[in-house]
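Peer 1: In the working numbering, the protein residues as written are 150 to 800. Note that CB positions come from ideal geometry on N, CA and C, so glycine has one too. Here it is, the structure in full.
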């Protein structure tokens, strides 16, 4: 079995300074976590509260469970890029089986877990017997699992069974079940790594695969089991995640595989294999959760959050290199009881120090008078789209005018990340919350948490399912889709062939706009839809998808895109045909979209006046805080903007 023990010169480590240096080197991740907790406590008075610390645990749970499974793979010198997609597939299988197929919930859970294990076994087979590099094998599974999730769900979220959704609840009204699941899975990981034959085999294979094979280990079969473990843990993570959101999201857990790998590496494991432990992985996941939670509370841009997390990962790997060169000793599997006792003592001392310092730091926030200015949190589904950027700009403009402190977060089209942000808002000292849901169903549990905390919530652009919102400030996406159909059909004279560029699968905006367009098109039987393809609300994907569609349908007469970004990509693909032989209609009325309308390449855009949505949302949030009457439904009219009226239009 390979270990990470390096020799060091006793003299160099002598004395108290040397002991402290070795303590810090041997427990770098723990040291970093303590420093982060102290720093966040000093910078934000909302961080060190019982509710917020429980939020950190909940937000770390899914990443940690995924990372525990990835730990097995990395210890054996492999990599697994598929865990996020496998998690989504497993949750989708469970939800579909228990609802659409009518399978008993217990069997549906077994089927979901089996799905994760099968995906892991396929990965292991491709790596062991197919001789594919782990990167390639698991990258292929990433795509396959995500695709199957979309196929099964037809791109739409599926409600989770109530009996399983309790995994996202709390015990006794305060202890989150996801945290308990995380702890159980962590203990299982520690047991497998430290107390079982397969755990010792992982270290041996990671240390030197050829030596492990020559010593009698059945390396190929061991790898099958290792990747099966990773699939099992991914399935568990997917079930916990879907339980939190009360629905299985086919696009859930995108990018989580990178967070899982980062947590393992930050926790002290080496990508070269042979080292790693469950406690380190847990600490790595907690570091990521503390970073995101604290940066949310400090109103740091989501874009900068990615920069910070990337820097932390790089520093973690750099620290591992320094630690090795300095002769720090990483604990090996099967370490002696004395070593484990010393390690436990280290954790106890670290906890005592952290509590003492954090407790002292918290005194800085006690007795300080609360700011007179109301504080409102705005959670947007994404800021990678001009429409939502305009909502933010309008909200910030109105907040400045009304003397309101506005905190803006970006969920990056990730329903679970938005759930985390809403939980952070709820545990903070905010007066009200404005939410633009990634998905109406998935936002429900988090908004209900704000309801229980007595925080008024305003929904903007999209409603929230099964939760109480003081107001919904929105345009009607269904009406807008119908207006788009009417505008395009009348421009084509009521006949012709068209293609539709759909938004991101599973989002309520795409569903509603598509449904409205289909309904509006019923009045024009001479219009034939020859193709529908998703381009994820993205301009580049709109360009690529439109280019591909033109190969199969070169003689189309029109294009309907469910947002302006995809429409602009389609215009680029159409070239000189745009605005002449092919008419394009977009949605949102973004600045670039209106510019294209003026130029005549985009025939029309169904404009929602996003800046006005943001302004009205903040205005109504302040009214709710002050106890004034707020209309439950505030409609902002949609307008079809063409070259004839674009000059007088203000978005």
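Mind checking if residue 794 is an interface residue toward chain C, Cβ cutoff 9 Å exclusive?
Peer 2: No chain C is part of this structure, which consists of one protein chain only.
Peer 1: Along the chain, where does the alpha helix (DSSP H) containing residue 555 start, and where does it finish?
Peer 2: Per DSSP, residue 555 belongs to no alpha helix (DSSP H); it is in the beta strand (DSSP E), 554-559.
Peer 1: Which term fits residue 764, buried or exposed, when burial requires 16 or more other beta carbons within 10 angstroms of its beta carbon?
Peer 2: With 16 or more Cβ atoms within 10 Å of its Cβ, residue 764 is classed as buried.
Peer 1: Name, in chain order, the residues that DSSP records as bridge partners for residue 725.
Peer 2: Partner(s): none; residue 725 has no beta bridge.
Peer 1: Looking at the structure shown, is residue 641 part of a helix, part of a strand, or coil, going by DSSP?
Peer 2: If DSSP states are grouped into helix, strand and coil, residue 641 belongs with coil.
Peer 1: Quick one: is residue 618 buried, meaning 16 or more other Cβ sit within 10 Å of its Cβ, or exposed?
Peer 2: Residue 618 should be labelled buried.
Peer 1: The alpha helix (DSSP H) spanning residue 385 covers which residue range?
Peer 2: Counting along the chain, the alpha helix (DSSP H) containing residue 385 begins and ends at 368-394.
Peer 1: For residue 737, name the three-state secondary structure that DSSP assigns.
Peer 2: The answer is strand: DSSP assigns residue 737 an E or B state.
Peer 1: Pairs of beta-carbons, one from the region 559-577 and one from the region 778-787, closer than 8 Å: are there three or more?
Peer 2: The answer is no - the region 778-787 does not touch the region 559-577, with fewer than three Cβ pairs under 8 Å.
Peer 1: Would you kindly work out how many angstroms separate the C-alpha atoms of residue 681 and residue 318, rounded to a whole number?
Peer 2: Distance between the alpha carbons of residue 681 and residue 318: 39 Å.
Peer 1: Quick one: what's residue 325 bridged to in DSSP?
Peer 2: According to DSSP, residue 325 bridges with 319.
Peer 1: Please confirm whether residue 610 and residue 652 have their CB atoms less than 9 Å apart.
Peer 2: No, the Cβ-Cβ distance between residue 610 and residue 652 is not below 9 Å.
Peer 1: Can you give me the start and stop residues for the alpha helix (DSSP H) that residue 412 sits inside?
Peer 2: Unbroken alpha helix (DSSP H) run through residue 412: 405-415.
Peer 1: Using 10 angstroms around the beta-carbon of residue 711, count the other beta-carbons present and answer buried if the total reaches 16, otherwise exposed.
Peer 2: When all chains shown are included, residue 711 counts as buried.
Peer 1: Using 9 Å as the threshold, is the C-beta distance between residue 708 and residue 734 below it?
Peer 2: Going by C-beta atoms, residue 708 is nearer than 9 Å to residue 734.
Peer 1: I'd like to know if the region 529-540 and the region 378-388 are in contact, where contact means that at least 3 CB-CB pairs between them fall below 8 Å.
Peer 2: Judged by Cβ distances under 8 Å, the region 529-540 makes no contact with the region 378-388, as fewer than three pairs qualify.
Peer 1: Let me make sure I understand the geometry here. Which of 697, 627, 573, 695 has the alpha-carbon closest to that of residue 195?
Peer 2: Ranking the options by Cα distance to residue 195, first place goes to 573.
Peer 1: Can you give me the C-alpha to C-alpha distance between residue 252 and residue 262, rounded to a whole angstrom?
Peer 2: Distance between the alpha carbons of residue 252 and residue 262 is about 15 Å.
Peer 1: Go to residue 524, then tell me how far its beta strand (DSSP E) extends in each direction, as first and last residue.
Peer 2: Here the beta strand (DSSP E) through residue 524 covers 524-529.
Peer 1: Am I right that residue 606 and residue 582 are in contact with their C-beta atoms under 8 Å? What's the rounded C-beta distance?
Peer 2: The Cβ separation is near 5 Å, so the contact holds.
Peer 1: For the putative contact between residue 383 and residue 613, defined by C-beta atoms under 8 Å, what is the C-beta separation to the nearest angstrom?
Peer 2: About 29 Å; that fails the 8 Å criterion.
Peer 1: Cβ of residue 309 within 9 Å of Cβ of residue 236?
Peer 2: Their beta carbons are not under 9 Å apart, which means residue 309 does not touch residue 236 by this criterion.
Peer 1: Please classify residue 482 as buried or exposed, where buried requires at least 16 neighbouring CB atoms within 10 angstroms.
Peer 2: Because the pLDDT at residue 482 is just 45, under 50, the model does not fix this residue reliably, and the value given afterwards should be weighed accordingly. Buried, by the Cβ-count rule.
Peer 1: Let's see if you can read the secondary structure: which residues bound the alpha helix (DSSP H) around residue 550?
Peer 2: 535-551 is the extent of the alpha helix (DSSP H) around residue 550.
Peer 1: As an exercise, report each continuous alpha helix (DSSP H) stretch of at least 4 residues that is fully enclosed by the region 678-731, in chain order.
Peer 2: The region 678-731 contains these whole alpha helix (DSSP H) runs: 688-701, 713-723.
Peer 1: In this structure, does DSSP put residue 783 in helix, strand or coil?
Peer 2: Residue state, collapsed to three classes: strand.
Peer 1: Measuring alpha carbon to alpha carbon, tell me which residue in 280, 770, 303 is nearest residue 397.
Peer 2: Of 280, 770, 303, the residue nearest in Cα terms is 303.
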